[in-house]
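K.L.:
Shown below is the structure under consideration.
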Amino acid sequence: MTTSNPTRPSRAFVPYPFTATRHAARLPGLVGDEETGVHRVLIVGAGPVGLATALGLANHGVASVVLEADDSVCTGSRAICISRRSLEIIDQLGALPAFLNTGLPWLGGRSFYRNDEVLRFQMPHDTAQRLPPMINIQQYYIEQFLLDACKTRRGLIDIRWQSRVSAIQPDAAGASIQVLTPSGEYRCRTQWLIGCDGARSIVRDAAGLKLEGTSYEGRYVIADIALKSERPVERLAWFDPPSNPGSTILMHRQPDDIWRIDYQLRDDEDPEEAVRPDNVIPRIESHLQMMGEREDWSPIWISLYKANALTLNRYRQGRCLLAGDAAHLVPIFGVRGANSGFEDAHNLAWKLALVVSGQAGDALLDTYSEERVKAARENLSAGIKSTEFMSPPNFAFQWMRTAALSLAVKHQWIRSLINPRQTQASAYAGPPQPVLRRAATEFQDGPAPGAALIDLPLMIWDGRNSRAGHLTQLLHPGFTLLYFTHAELPLSLTAPLADWSKRHVPVRIVPLFVKVRSSNAGPSGTDISGNLWRAYDAQVGSAYLIRPDGHVLARWHRATNDDIKHAMEWILHHE
Amino acid sequence: MNEQELDEVYGDFCRTLSAVSEAQATPFLARFALLAFHEINDVRRIRALIQEAGPERA
Ligand SMILES: Cc1cc2nc3c(=O)[nH]c(=O)nc-3n(C[C@H](O)[C@H](O)[C@H](O)COP(=O)(O)OP(=O)(O)OC[C@H]3O[C@@H](n4cnc5c(N)ncnc54)[C@H](O)[C@@H]3O)c2cc1C
Chain B
11 MTTSNPTRPS RAFVPYPFTA TRHAARLPGL VGDEETGVHR VLIVGAGPVG LATALGLANH
71 GVASVVLEAD DSVCTGSRAI CISRRSLEII DQLGALPAFL NTGLPWLGGR SFYRNDEVLR
131 FQMPHDTAQR LPPMINIQQY YIEQFLLDAC KTRRGLIDIR WQSRVSAIQP DAAGASIQVL
191 TPSGEYRCRT QWLIGCDGAR SIVRDAAGLK LEGTSYEGRY VIADIALKSE RPVERLAWFD
251 PPSNPGSTIL MHRQPDDIWR IDYQLRDDED PEEAVRPDNV IPRIESHLQM MGEREDWSPI
311 WISLYKANAL TLNRYRQGRC LLAGDAAHLV PIFGVRGANS GFEDAHNLAW KLALVVSGQA
371 GDALLDTYSE ERVKAARENL SAGIKSTEFM SPPNFAFQWM RTAALSLAVK HQWIRSLINP
431 RQTQASAYAG PPQPVLRRAA TEFQDGPAPG AALIDLPLMI WDGRNSRAGH LTQLLHPGFT
491 LLYFTHAELP LSLTAPLADW SKRHVPVRIV PLFVKVRSSN AGPSGTDISG NLWRAYDAQV
551 GSAYLIRPDG HVLARWHRAT NDDIKHAMEW ILHHE
Chain U
1413 MNEQELDEVY GDFCRTLSAV SEAQATPFLA RFALLAFHEI NDVRRIRALI QEAGPERA
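Sequence lines, in order, name chains B and U.
Mapped onto our numbering, the consecutive letters of the first sequence carry residue numbers 11 to 585.
Mapped onto our numbering, the consecutive letters of the second sequence carry residue numbers 1413 to 1470.
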């Protein structure tokens, strides 16, 4: 069937091919209107960030209660692009296979100005990588798959649906929470409160914190449509296309034959008017025709989007912590929203777990705030640049963009300005030099303290069997000491590490051999090609101490027990 | 000039142009062009750039 008549009356909407399970409200055991007992950790919001935080805490054996106002996973068009770093985190949370089974991997994209291709970009990728740089997957799947993982942590994650937090009183020992449900209202107490309650966070208000930054005026229409097309999965952008002169259009393929189409409204358009289906449908129609799409299509969901670039100055206020959209709102261009939220959750979970169990001082939680506020500022600055290009805030950005696009047809050098600057893993500041007790220049290569591990292939040994795998698969929820060796592990390191574990701070030593088969009884790796040793600038006796979130805490060429002790004391107690 | 430097100087230029205001933008761009003449300091290259910048063919 062809759809070549642009004046054709409005098309009928179809639903998403996904049925969300509705969850009933449930009241806990109450005395009067009061829940008995005090929760250790209470999370407000079961969006991607709340669920990831609960799963992260469960990895460390810490139970949490999650209060969610809604009765199901989200509907409508929200996050679709999930980065490699997020997938690594999702792997640690035990949900990766479902994401990879459903998500569509992609490597790059193309941009057009009028009729000409002006950019072809590739995200960093090579065959040594375990995971694609990005997958496309609907947010309802993201939430559902995290939820499925939560169900495997019985006794550790208590999700309460249709439970809206209506009032919060923070105090020195935690917070008192008022919860509204269709079955009634109750109050409860928690020692720690985490606000993962999104853009209009009530936890943020209760903590007395305010978002600061810029809100952009430019409006985008965001539409999901059902369309069968065999086009490859890539990011497509058109500037001033013949189908919609003057507009900017973005397209992404999603699983289940759904496509996301975003387009920019002109400044003189009334947004309420522009978002009406009879205004949206002809524009999409015209664009699909220009692309040569002949299959019939149907609208699923249409909404309006306006970019914000806002963050709190701190993500901790006493015993209240903020993560995800509750803490920062980044523009969608560059896909940093949910992706940065996963990094928040991953940074917070192990720190809070150590504080709750008394193994670390609560100053460790200030490092959560410092590290993630800094990451948010970097995300915002990249997101702002993308937004200024995708949605020029005034005549100057508009003129310069037109100039850049028109020159880009011929001039290669200017094309980097059109690159969408997709999200990348955050790097944190490592410990200061006195803590490391070594010169920063000791290593020529490899991830520096604060950076996330570089994942590379190796053979993984579990004591008996071996399989092809990747370095990050050797991590576990505690600290990991990656020790590059040819033979035995030095007793001078293994004995003290066992001491840490007795103090309930699990530190696991993982030997990494080069070329030779492992003789280790526990988990270990063999770097067959020698590439991993090279990438980490490793010598016999080099050691990388890895935080539970996969970031390097410290590294040394000949680590001593004292080196490790200093680094651990620094991170746990800021000594 | 690497990609990051191009990025930064492009952003700076856009922001300055915004601050100059739309009404004053044309004289600003003309002055910038003249200053660039002096820096390029090569008549042949300047002539080529004038050709290159010249009206975009729709
Ligand atoms: C059109 C669009 C496209 C996007 N694309 C991308 C993308 O490609 N990649 C990306 O990384 N990000 C993207 N994002 C951003 C992403 O959707 C958000 O950053 C992400 O959902 C944030 O997750 P969160 O868990 O912090 O908050 P939310 O997803 O907003 O979840 C908050 C939860 O808290 C609940 N809640 C709120 N108040 C209360 C209360 N008082 N009591 C109890 N519960 C409450 C809500 O019901 C909700 O379930 C996009 C966003 C939009 C709008």
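Built from N, CA and C at the ideal position, the CB exists for glycine as well.
In this text the structure is predicted, and so the values were computed from the model without any measurement.
Hey, is V51 (chain B) close to ligand 1, as in C-beta under 7 Å from one of its heavy atoms?
P.N.:
Counting from 1 along the first sequence, the entry for residue 51 (chain B) is found at position 41. No, Cβ of V51 (chain B) sits at least 7 Å from all heavy atoms of ligand 1.
K.L.:
So, under 8 Å CB-CB, G10 (chain B) and F343 (chain B) are touching, yes? Tell me the CB distance rounded to an integer number of Å.
P.N.:
The displayed coordinates of chain B run from 11 to 585. Any statement about residue 10 (chain B) would go beyond what the structure contains.
K.L.:
Just to make sure I have the definition right: I need the residues of chain U whose C-beta is within less than 8 Å of the C-beta of L427 (chain B). Which are they?
P.N.:
If you number the first sequence from 1, residue 427 (chain B) lands on position 417. Result: L1418, D1419, Y1422.
K.L.:
If we ignore side chains and look at the alpha-carbon of each, how far apart do V1432 (chain U) and A406 (chain B) end up?
P.N.:
Numbered from its first residue, the second sequence carries residue 1432 (chain U) at position 20. Numbered from its first residue, the first sequence carries residue 406 (chain B) at position 396. Between V1432 (chain U) and A406 (chain B), the C-alpha separation is close to 9 Å.
K.L.:
Examine the Cβ distances between the segment 423-432 of chain B and the segment 534-548 of chain B and report whether three or more of them are shorter than 8 Å.
P.N.:
no
K.L.:
To the nearest angstrom, report how far apart G119 (chain B) and N125 (chain B) are at their CA atoms.
P.N.:
Numbered from 1 along the first sequence, position 109 holds the residue referred to as residue 119 (chain B). Numbered from 1 along the first sequence, position 115 holds the residue referred to as residue 125 (chain B). If I take the Cα positions, the gap works out to 16 Å.
K.L.:
Taking Cβ-Cβ distances shorter than 9 Å, what residues in chain U pair up with A373 (chain B)?
P.N.:
Locating residue 373 (chain B) in the first sequence gives position 363, counting from the first residue. Within chain U, no residue comes near A373 (chain B); the closest Cβ sits about 35 Å away, beyond 9 Å.
K.L.:
List the residues that DSSP assigns as beta-bridge partners of P115 (chain B).
P.N.:
If you number the first sequence from 1, residue 115 (chain B) lands on position 105. Paired residues: B:I145.
K.L.:
Go through the segment 294-359 of chain B residue by residue and report every complete run of the beta strand (DSSP E) that reaches 3 residues or more, in order.
P.N.:
307-321, 330-332
K.L.:
Going along the chain, which residues of the segment 402-418 of chain B sit with their C-beta nearer than 7 Å to a C-beta in chain U?
P.N.:
N404, F405, A406, F407, M410, S416
K.L.:
Step through the CB atoms of chain U and report whether any lies within less than 8 Å of the CB of K316 (chain B).
P.N.:
Looking up residue 316 (chain B) in the first sequence gives position 306. No, no contact with chain U.
K.L.:
Residues in the same chain with beta-carbon distance under 8 Å from R197 (chain B), minus the five sequence neighbours each way, listed in chain order, please.
P.N.:
Counting from 1 along the first sequence, the entry for residue 197 (chain B) is found at position 187. Once the five neighbours on either side are set aside, the close Cβ partners of R197 (chain B) are D43, E44, E45, S186, I187, Q188, V189.
K.L.:
Extract the residue ranges of the alpha helix (DSSP H) inside the segment 179-223 of chain B, only unbroken runs of 4 or more that lie entirely within it.
P.N.:
Segments of the alpha helix (DSSP H) lying fully in the segment 179-223 of chain B: 212-216.
K.L.:
Quick one: list the residues of chain B neighbouring F1425 (chain U), beta-carbon separation under 9 Å, in chain order.
P.N.:
On the second sequence, residue 1425 (chain U) is found 13 positions in, with the first residue counted as 1. Residues of chain B passing the Cβ test: A406, M410.
K.L.:
Taking the alpha carbon of H338 (chain B) as the reference point, which residue from B:D306, B:E279, B:S379 has its own alpha carbon closest?
P.N.:
In the first sequence, the residue the question calls residue 338 (chain B) occupies position 328. That would be B:S379, whose Cα lies nearest to the Cα of H338 (chain B).
K.L.:
Let me make sure I understand the geometry here. Which of B:L415, B:R527, B:Y438 has the alpha-carbon closest to that of I470 (chain B)?
P.N.:
Position 460 of the first sequence, counted from the first residue, corresponds to residue 470 (chain B). The residue with the shortest Cα to Cα distance from I470 (chain B) is B:R527.
K.L.:
Under a Cβ-count criterion, where at least 16 other Cβ atoms within 10 Å of its own Cβ denotes burial, should W423 (chain B) be classed as buried or exposed?
P.N.:
Residue 423 (chain B) sits at position 413 when you count from the first residue of the first sequence. So W423 (chain B) counts as exposed.
K.L.:
Let me check you understand the geometry: is the CB of R164 (chain B) closer than 7 Å to at least one non-hydrogen atom of ligand 1?
P.N.:
For this step, residue 164 (chain B) is matched to residue 154 along the first sequence. No; taking the cut-off as 7 Å, the Cβ of R164 (chain B) has no heavy atom of ligand 1 nearer than that.
K.L.:
Under a three-way DSSP split, which group does S511 (chain B) fall into?
P.N.:
The count along the first sequence starts at 1 and reaches residue 511 (chain B) at position 501. Of the three classes helix, strand and coil, the one that applies to S511 (chain B) here is helix, per DSSP.
K.L.:
Assign T17 (chain B) to one of three DSSP states: helix, strand, or coil.
P.N.:
Taking the first residue of the first sequence as 1, we reach residue 17 (chain B) at position 7. With a pLDDT of only 48 at T17 (chain B), under 50, the local geometry of the prediction cannot be trusted, and the value read off the model is given with reservation. Here T17 (chain B) sits in coil by DSSP.
K.L.:
Apply the 10 Å Cβ neighbour rule to M400 (chain B) and answer buried if 16 or more other Cβ atoms are within range, or exposed otherwise.
P.N.:
Along the first sequence, one-based indexing puts residue 400 (chain B) at 390. The residue is buried, with at least 16 neighbouring Cβ atoms inside 10 Å.
K.L.:
Over what stretch of residues does the beta strand (DSSP E) that includes D91 (chain B) continue unbroken?
P.N.:
Locating residue 91 (chain B) in the first sequence gives position 81, counting from the first residue. According to the sequence provided, residue 91 (chain B) is Cys. The question's Asp does not apply to it. From DSSP, the beta strand (DSSP E) with C91 (chain B) extends over 91-93.
K.L.:
Check whether the Cβ of R174 (chain B) sits closer than 7 Å to any heavy atom of ligand 1, and report yes or no.
P.N.:
Numbered from 1 along the first sequence, position 164 holds the residue referred to as residue 174 (chain B). Yes, since a heavy atom of ligand 1 falls inside the 7 Å radius drawn around the Cβ of R174 (chain B).
K.L.:
Is the segment 236-255 of chain B in contact with the segment 296-311 of chain B, if contact means three or more CB pairs nearer than 8 Å?
P.N.:
yes
K.L.:
At a CB distance below 8 Å, what residues from the segment 374-399 of chain B approach chain A? Give them in sequence order.
P.N.:
Of the protein chains in the structure, B and U, none is chain A.
K.L.:
Compute the distance between the beta-carbons of L491 (chain B) and G479 (chain B), then report whether it is under 8 Å.
P.N.:
Stepping through the first sequence from its first residue, residue 491 (chain B) is reached at position 481. Stepping through the first sequence from its first residue, residue 479 (chain B) is reached at position 469. It is not a contact, given that the beta carbons lie outside the stated cut-off.
K.L.:
For L1447 (chain U), which residues in chain B fall below 7 Å Cβ to Cβ?
P.N.:
Stepping through the second sequence from its first residue, residue 1447 (chain U) is reached at position 35. The contacting residues do not exist; L1447 (chain U) stays about 17 Å from chain B at best.
K.L.:
Going by C-alpha distance, which of B:T570, B:G47, B:M300 is nearest L499 (chain B)?
P.N.:
Residue 499 (chain B) sits at position 489 when you count from the first residue of the first sequence. Among B:T570, B:G47, B:M300, the Cα nearest to that of L499 (chain B) belongs to B:T570.
K.L.:
In this structure, does DSSP put V285 (chain B) in helix, strand or coil?
P.N.:
Locating residue 285 (chain B) in the first sequence gives position 275, where the first residue counts as 1. Look at V285 (chain B) here: in three-state DSSP terms it is coil, with no helix or strand label.
K.L.:
For T526 (chain B), which beta-bridge partners are listed by DSSP?
P.N.:
As a working note, residue 526 (chain B) is residue 516 in the first sequence. This sequence places Val at residue 526 (chain B); Thr is not what is there. Its beta-bridge partners do not exist; DSSP assigns none.
K.L.:
For G540 (chain B), which three-state DSSP category applies?
P.N.:
As a position in the first sequence, residue 540 (chain B) is number 530, starting the count at 1. Note: G540 (chain B) maps to coil in three-state DSSP.
K.L.:
Roughly how many angstroms lie between the CA atoms of R282 (chain B) and H576 (chain B), to the nearest whole one?
P.N.:
Along the first sequence, one-based indexing puts residue 282 (chain B) at 272. Along the first sequence, one-based indexing puts residue 576 (chain B) at 566. Residue identity differs from the one stated: residue 282 (chain B) is Glu in this sequence, not Arg. Computed Cα separation, rounded: 59 Å.
K.L.:
So is E1417 (chain U) buried or exposed if we call it buried at 16+ other beta carbons inside 10 Å?
P.N.:
The residue you call residue 1417 (chain U) lines up with position 5 of the second sequence. With fewer than 16 other Cβ atoms within 10 Å, it is exposed.
K.L.:
Who are I556 (chain B)'s beta bridge partners in DSSP?
P.N.:
Reading the first sequence from its first residue, position 546 is the one you call residue 556 (chain B). Looking at the DSSP assignment, I556 (chain B) forms a beta bridge with B:T490, B:V562.
K.L.:
For E452 (chain B), count neighbouring Cβ atoms within 10 angstroms of its own Cβ and tell me buried if that reaches 16, exposed if not.
P.N.:
Position 442 of the first sequence holds residue 452 (chain B). It counts as exposed.
K.L.:
Tell me whether G1466 (chain U) is buried or exposed, calling it buried when 16 or more other Cβ atoms sit within 10 Å of its Cβ.
P.N.:
For the purposes of this step, residue 1466 (chain U) is identified with residue 54 of the second sequence, where counting begins at 1. Flag for G1466 (chain U) reads exposed.
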